[in-house]
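To keep things clear, I will list the structure first and then write my remarks on it.
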Amino acid sequence: MIKFLLFCCPKLNIIDENIELLIKTAYRNMKKLVVLGMGVCLVLAFASCKSSESAYKKAYEKAKQQELAEPQVEAPVEVTPVVAAPVTTTKVADTSGVRQEKVTVVSGNEGLKDYSIVAGSFGVKANAEGLKDWLDGQGYHSTIAFNADKAMYRVIVNSFADKAAAAEARDAFKAKYPNRSDFQGAWLLYRVY
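For the sequence shown, numbering that gives the first Met the number 0 assigns the number 0 to the initial residue and increments by one for each residue that follows.
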């Protein structure tokens, strides 16, 4: 119907073209206004975020005046000589980190001595074997012992006849691996038969 009217009245066609031109022009102007408005908003945002130098200067001056206004009083300090007390050394038996357990050897060195260094305890045998393999790769001859009462697999790094040698070796083991938090919890096992 509209095409028929346009065909019959060419003046309507001119009006339609003018309306279309007006719409396109208005659309372009609207796009320009939106871009201009966004630009103004950005400029205002950056301008409002800028800290004023005068505010800092005023705060600095105020703090400086308060500092100068406070009276500075220094109290005399008495110095007393320090007398060194005689040092006495007492050998304390190291009982920290020693546990008594009845264990049976599952894999590794069969000849466990009285004191052993335990590097890890696991409820799953596969995890204990993984640590044993890693320790063997590091040059240790490790052993896995099972505590039936607690159902735990103990991974033993080394075994000693006396407690002092075992404690020294445990400390050396911890010092060798300072970044391994699991090895920092290494403890001594006294084997009960």
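All C-beta atoms in this analysis are idealised placements derived from N, C-alpha and C, irrespective of residue type, glycine included.
Task: Whether A118 touches L134 by CB criterion (8 Å) - done: The residue labelled residue 118 in the question sits at position 119 within the sequence shown. The residue labelled residue 134 in the question sits at position 135 within the sequence shown. Yes; because the gap between Cβ atoms is below 8 Å, this pair is in contact.
TODO: Consult DSSP for V33 and reduce its assignment to one of helix, strand or coil.
DONE: For the purposes of this step, residue 33 is taken as residue 34 along the sequence shown, with counting starting at 1. Helix.
Task: Where the alpha helix (DSSP H) through A163 begins and ends - done: Indexing the sequence shown from 1 puts residue 163 at position 164. Counting along the chain, the alpha helix (DSSP H) containing A163 begins and ends at K162 to K175.
Task: L111 to F172 span [Cα, whole Å] - done: As a position in the sequence shown, residue 111 is number 112, starting the count at 1. As a position in the sequence shown, residue 172 is number 173, starting the count at 1. Approximately 18 Å, taken between the alpha carbons.
Open item on the list: At the level of alpha carbons, what is the spacing between I22 and L41?
Closed with: As a position in the sequence shown, residue 22 is number 23, starting the count at 1. As a position in the sequence shown, residue 41 is number 42, starting the count at 1. Cα to Cα, I22 sits roughly 29 Å from L41.
- [ ] Tell me whether E109 sits in a helix, a strand or coil according to DSSP, three-state version.
- [x] Numbered from 1 along the sequence shown, position 110 holds the residue referred to as residue 109. The answer is coil: DSSP assigns E109 none of H, G, I, E or B.
- [ ] Kindly confirm or deny that the region 148–156 and the region 123–132 touch, where touching means at least three C-beta pairs closer than 8 Å.
- [x] yes
Task: Reduced DSSP secondary structure (H/G/I, E/B, other) of T89 - done: On the sequence shown, residue 89 is found 90 positions in, with the first residue counted as 1. For T89, the pLDDT reaches just 47, beneath the cut-off of 50, and the residue's location in the model is therefore unreliable, although a value from the coordinates is still provided. The answer is coil: DSSP assigns T89 none of H, G, I, E or B.
Open item on the list: Judging by CA-CA distance, which residue of A44, A174, Q64 and Y114 is the nearest neighbour of N157?
Closed with: Counting from 1 along the sequence shown, the entry for residue 157 is found at position 158. The candidate whose alpha carbon is nearest that of N157 is Y114.
- [ ] Output the distance between the C-alpha atoms of V105 and Q99, rounded to the nearest integer angstrom.
- [x] Mapped onto the sequence shown, residue 105 falls at position 106. Mapped onto the sequence shown, residue 99 falls at position 100. One C-alpha to the other measures close to 18 Å.
TODO: Measuring alpha carbon to alpha carbon, tell me which of L35, T103, E52 and V33 ends up nearest I155.
DONE: Looking up residue 155 in the sequence shown gives position 156. For the residues L35, T103, E52 and V33, the minimum Cα distance to I155 belongs to T103.
Open item on the list: According to DSSP, is V191 part of a helix, a strand, or is it coil?
Closed with: What you label residue 191 is simply residue 192 of the sequence shown in a count that begins at 1. DSSP places V191 in coil when its eight states are reduced to three.
Task: Reduced DSSP secondary structure (H/G/I, E/B, other) of A118 - done: As a first step, residue 118 is located in the sequence shown; it is residue number 119 there, counting from the start. The answer is strand: DSSP assigns A118 an E or B state.
Open item on the list: Using only the alpha-carbon positions, how far apart do Y59 and A46 sit?
Closed with: Position 60 of the sequence shown, counting from 1, holds the residue named residue 59. Position 47 of the sequence shown, counting from 1, holds the residue named residue 46. If I take the Cα positions, the gap works out to 23 Å.
Open item on the list: Between R169 and L187, how many whole angstroms is the CB-CB distance? I'm expecting something under 8 Å.
Closed with: Counting from one through the sequence shown, the residue named residue 169 turns up at place 170. Counting from one through the sequence shown, the residue named residue 187 turns up at place 188. Yes, R169 and L187 are in contact; Cβ-Cβ is about 6 Å, under 8 Å.
- [ ] Just tell me which of E52, F145 and K61 has its CA closest to the CA of G122.
- [x] Against the sequence shown, residue 122 aligns to sequence position 123. When only C-alpha atoms are compared, the closest one is F145.
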